[in-house]
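One structure below.
4 protein chains.
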Amino acid sequence: MTVATTEPPAAAGRRRAPRGSARRSIVAAATELFARRGYEATSVQDIVAAAEVTKGALYHWFGSKSELLTSIYRELLAEQTQRLREIADGAGPVEERLRAAALDVVEHTAEHADELTVWARSAHLLDDEQAEATRRERRRYHDLFRDLVREGQASGVVRTDLSATVITHAFLSALGNTHTWFHPDGPLTFAEVGHQLVALFLGGLRPPGPEPVAPHPAEPGRRPAGSDAQRCGPSPASKNP
Amino acid sequence: MTVATTEPPAAAGRRRAPRGSARRSIVAAATELFARRGYEATSVQDIVAAAEVTKGALYHWFGSKSELLTSIYRELLAEQTQRLREIADGAGPVEERLRAAALDVVEHTAEHADELTVWARSAHLLDDEQAEATRRERRRYHDLFRDLVREGQASGVVRTDLSATVITHAFLSALGNTHTWFHPDGPLTFAEVGHQLVALFLGGLRPPGPEPVAPHPAEPGRRPAGSDAQRCGPSPASKNP
Amino acid sequence: MTVATTEPPAAAGRRRAPRGSARRSIVAAATELFARRGYEATSVQDIVAAAEVTKGALYHWFGSKSELLTSIYRELLAEQTQRLREIADGAGPVEERLRAAALDVVEHTAEHADELTVWARSAHLLDDEQAEATRRERRRYHDLFRDLVREGQASGVVRTDLSATVITHAFLSALGNTHTWFHPDGPLTFAEVGHQLVALFLGGLRPPGPEPVAPHPAEPGRRPAGSDAQRCGPSPASKNP
Amino acid sequence: MTVATTEPPAAAGRRRAPRGSARRSIVAAATELFARRGYEATSVQDIVAAAEVTKGALYHWFGSKSELLTSIYRELLAEQTQRLREIADGAGPVEERLRAAALDVVEHTAEHADELTVWARSAHLLDDEQAEATRRERRRYHDLFRDLVREGQASGVVRTDLSATVITHAFLSALGNTHTWFHPDGPLTFAEVGHQLVALFLGGLRPPGPEPVAPHPAEPGRRPAGSDAQRCGPSPASKNP
DNA sequence: GATGAATGAGCATTCATTCAT
DNA sequence: AATGAATGAATGCTCATTCAT
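Here the protein sequences come in this chain order: V, P, E and U. Going by the working numbering, the first sequence opens with residue 10, and the numbers climb by one from there. Going by the working numbering, the second sequence opens with residue 10, and the numbers climb by one from there. Going by the working numbering, the third sequence opens with residue 10, and the numbers climb by one from there. Going by the working numbering, the fourth sequence opens with residue 10, and the numbers climb by one from there.
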């Protein structure tokens with residue numbers, strides 16, 4: 010869960026700042042600057058100046074600028090995974106847990122819109138090793154959500170003619186892309202937008218009944234849940250998260 | 010519609026390549042390199058080397074590296090807008106036009122996945138002027154799609170408790186984000202994924218009947234279409250497209 | 010022969026320095042600084058300051074600091090190879106050409122002691138590609154000298170119980186290492202030292218007669234010239250020149 | 010002779026590794042890393058990681074990174090000097106002791122090729138004080154060898170027209186440079202190469218008889234041994250060893 | 001004896017852009 | 001219409017060494 014944190018031993022030196030405080034200053038400054046100016050537009054110099062530490066200190070804690078970005082994102086992801094796990098493991102009917110999960114994604118996205126935007130824009134700059142590390146964790150999160158969808162399919166509340174993987178990606182993508190169009194000054198609050206997305210998503214999950222929107226002959230027929238997309242993630246060689 | 014193209018008329022130089030050919034070489038090389046290595050990782054030097062022209066020539070045709078990126082995207086966008094316009098203006102019931110439009114987006118996204126990925130990743134690097142220019146065109150495209158959704162709402166085939174704007178963004182986002190997770194070696198082809206997304210989307214549009222997924226009390230109630238999000242784009246100061 | 014030189018078109022601009030002059034300034038400054046302070050202790054900043062050009066100009070002409078070092082050495086090597094080739098191809102008995110060649114190495118070493126010292130100390134820092142390039146040229150030089158030794162062996166003036174390759178390396182090494190011990194303020198001039206080395210070397214080449222220094226039983230016996238060390242150079246993977 | 014070693018006496022810590030073991034780990038790790046990657050390419054961090062000690066421990070035992078290098082070399086040199094002294098002081102005719110000494114250098118060079126290569130490449134990076142310290146010891150070694158040559162000259166088995174100093178440097182240089190060209194996969198073993206070098210060297214020492222290689226008029230005439238190069242080392246200001 | 005976080009000056013290198021020709 | 005040498009400010013990063021604990 011923790012991502013290379015350092016425990017500050019409470020006691021501060023005389024002239025020195027307390028132990029581990031440098032790391033926290035760096036993360037705080039970087040988070041703020043990345044969100045405000047973007048990852049590429051923020052130089053390491055900017056970060057250390059804002060954090061009031063030296064470059065050496067930054068490179069003592071982080072191997073590179075991109076590791077810093079990765080570190081911030083992984084902490085976010087760990088938190089979000091934890092929340093989702095609690096919801097998924099909770100009691101109650103699957104449709105309620107599904108709705109709760111969707112609403113939780115909305116809430117988390119709203120809370121950390123800035124950091125998530127930075128990640129979406131700059132994750133492709135990471136080297137293979139870092140990309141792989143986050144991909145694995147992201148995958149775990151995705152699987153958690155997908156399993157909930159599958160549970161819904163198994164209990165008949167979610168249509169089974171669509172891949173649970175595709176459903177999951179679609180919802181998370183729609184949510185994760187709001188930064189490209191949502192604006193706080195618009196007529197809807199983020200919470201409202203989120204609820205609408207949830208409604209749209211849950212509506213799309215209902216097993217198709219007598220359809221108001223005419224079916225298309227080219228529509229691929231039902232697929233048993235077993236034929237689900239197991240490998241719909243990027244290949245290991247890919248840099249996509 | 011045309012984006013600063015130069016028509017190479019019959020008149021060719023004697024030993025030189027035909028007029029305007031330099032521009033085309035540059036665009037071709039840049040498109041290929043941006044797609045393969047990313048915008049930031051492609052230097053102007055790389056482009057001119059691949060296009061077999063000099064730096065001077067590139068700066069003769071394009072004011073900057075970013076103008077080149079913008080130029081490529083605008084051409085794509087113009088083509089897609091044209092296609093959507095023809096579908097939207099076509100005959101037939103609205104639900105069929107809506108379906109056709111959705112399928113067309115899938116097809117276009119598949120065809121130009123590389124360029125669209127580059128754009129998604131690097132659009133935020135552009136300066137305000139260029140961002141504004143593409144934003145206007147992108148807005149026009151978005152409105153075209155949204156109007157189709159509204160038409161559906163007006164004729165009763167699309168639920169009216171959701172903002173047409175949100176619906177439109179959700180679908181285009183889900184499609185536009187496939188590059189972050191779709192992999193050709195997976196069990197589904199891109200066309201299949203596209204069809205599933207369309208089905209999910211169209212399913213979500215059906216007016217809510219007796220719901221398999223329980224409604225949530227916090228769900229915002231019906232909103233008349235007239236209260237739609239007019240300013241759901243980013244603020245002018247933002248660099249978001 | 011030429012190593013990426015640029016022809017200066019004689020004509021100078023008004024405010025600009027003449028074309029290609031930047032490259033020459035850089036080489037001159039680098040040669041001087043490398044010799045005086047060593048390669049590692051000379052920063053690129055030092056070089057451009059001394060050459061009165063910008064860093065950009067340096068990197069326009071040279072891909073890296075090490076390419077600059079390589080470039081200087083290759084020019085030296087090309088010149089020396091040319092001189093040796095003329096001597097080797099000259100008329101006269103082989104023993105005289107051998108002596109002339111040895112003396113020429115002494116002379117060239119004396120002339121370019123500083124540059125050669127820099128090279129000897131820093132060649133191992135080069136990357137594989139550059140090391141390989143110079144190794145090939147160095148090898149050509151070595152072979153030229155060795156062939157002269159072999160010619161001497163064939164005509165009976167040089168002992169054949171020693172590998173021509175080992176003989177060549179031994180002489181060139183003794184010469185090339187003078188920088189570690191020779192000091193101009195010593196009792197011998199460099200020319201005198203050189204002559205003594207030549208005498209020692211040529212003396213060692215005489216076919217062994219009745220020996221003043223007792224032979225050792227472990228001494229490996231005669232080896233036909235044909236068994237000569239064909240692969241006594243470093244492996245391709247090695248960074249040794 | 011001893012170079013700041015610490016004897017680990019019986020008294021070991023309870024849970025800790027025995028006293029002084031840190032020092033030995035450091036020397037072992039540094040020797041291995043310097044040989045494999047070179048002195049400059051090995052960071053202090055690399056050394057402490059390999060030795061499984063902390064930076065503080067390293068700086069407790071060694072004043073600096075270069076002191077570590079010096080330390081390794083001095084130990085080598087002390088051992089070699091000791092061996093040479095025993096040979097030189099041994100019984101038997103001078104020509105046999107000379108031959109034995111030469112063979113011993115070959116053997117020692119072969120045994121410690123890696124460390125000697127590191128030293129040859131990086132000695133010039135040391136500061137004056139350290140350079141001076143090793144120079145003095147190296148000088149003692151050199152003098153020991155040279156005195157053997159002089160003894161040979163005095164007893165008539167070594168030619169007297171060459172400086173004993175030059176002779177000594179030439180032989181040690183040829184040997185000490187083998188790392189730049191010898192490759193174990195070549196047709197000769199290192200021992201064979203060494204024997205050939207000894208043969209070449211001893212051959213060159215024979216008083217010139219009727220010469221197969223014609224003498225050159227420019228050859229400097231005989232020099233009495235008394236005029237020998239006393240100050241053939243580099244000047245005090247120089248960083249050369 | 002040993003720790004390890006912090007230092008800080010210095011490094012080689014990049015690259016979109018300009019402009020005299 | 002095109003050249004290409006030159007710009008110059010900025011970039012991410014290194015690393016031997018120190019010192020409060």
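Don't be surprised by glycine CBs; every beta carbon is placed ideally from N, CA and C.
Proximal residues of chain V, C-beta to C-beta of residue i below 7 Å
i: Ser172/P; result: Leu197 and Gln205
i: Leu153/P; result: Within chain V, no residue comes near Leu153/P; the closest Cβ sits about 15 Å away, beyond 7 Å.
i: Arg130/P; result: Arg130 and His133
i: His178/P; result: Trp190
Outcome for residue i when other beta-carbon atoms lying within 10 angstroms are tallied against a minimum of 16
i: Lys64/E; result: exposed
i: His204/U; result: buried
i: Ser52/P; result: exposed
i: Arg94/V; result: exposed
i: Thr198/V; result: exposed
i: Ala179/P; result: buried
i: Ala100/E; result: exposed
i: Gln54/V; result: exposed
i: Ser182/P; result: buried
i: Glu104/E; result: buried
i: Leu206/E; result: buried
i: Ala50/E; result: exposed
i: Gly195/V; result: buried
i: Gln91/E; result: exposed
i: Ala60/U; result: buried
i: Gly161/P; result: buried
i: Gly254/E; result: This structure does not reach residue 254/E, given that chain E is present from 10 up to 250, and the question cannot be answered.
i: Ser34/E; result: buried
i: Val115/E; result: buried
Reduced DSSP category for residue i - H, G, I as helix; E, B as strand; rest coil
i: Trp190/U; result: coil
i: Leu184/E; result: helix
i: Phe71/V; result: coil
i: Ala197/P; result: Here the sequence assigns Leu to residue 197/P, which means Ala is not the residue at that position. Coil, per DSSP.
i: Arg168/V; result: coil
i: Glu124/V; result: helix
i: Leu83/U; result: The sequence as given places Arg at residue 83/U; Leu does not occur at that position. Note: Arg83/U maps to helix in three-state DSSP.
i: Asp136/E; result: coil
i: Tyr48/U; result: coil
i: Lys215/U; result: For the sequence presented, residue 215/U should be read as Arg rather than Lys. Correct three-state label for Arg215/U: coil.
i: Glu160/V; result: helix
i: Val36/P; result: helix
i: Thr177/E; result: helix
i: Ala110/P; result: helix
i: Val115/P; result: helix
i: Thr143/E; result: helix
i: Thr63/P; result: coil
Per-residue contacts from residue i into chain P (C-beta, under 9 Å)
i: Ala44/V; result: Per Cβ cutoff of 9 Å: no residues; Ala44/V is ~12 Å from chain P at best.
7 Å Cβ cut-off: residues of chain U touching residue i
i: Gly213/E; result: Leu209, Phe210, Gly212 and Gly213
Interface partners of residue i on chain P, CB under 7 Å
i: Gly47/V; result: His133
Neighbouring residues, chain P, relative to residue i (Cβ below 8 Å)
i: Val175/V; result: Leu197, Val202, Gln205, Leu206 and Leu209
Q: Identify each residue in the stretch 180-194 of chain P for which the Cβ-Cβ distance to at least one residue of chain V is less than 9 Å, and report them in chain order.
A: Sequence-ordered contacts of the stretch 180-194 of chain P with chain V read Phe180, Leu181, Ser182, Ala183, Leu184, Gly185, Asn186, Thr187, His188, Thr189, Trp190, Phe191, His192, Pro193 and Asp194 [C-beta pairs closer than 9 Å].
Q.
To be precise: take each residue of the stretch 49-78 of chain U, compare its Cβ to all Cβ atoms of chain E, and keep it if any distance is under 9 Å. Which residues remain?
A. Here the close residues are Glu49 and Ala50.
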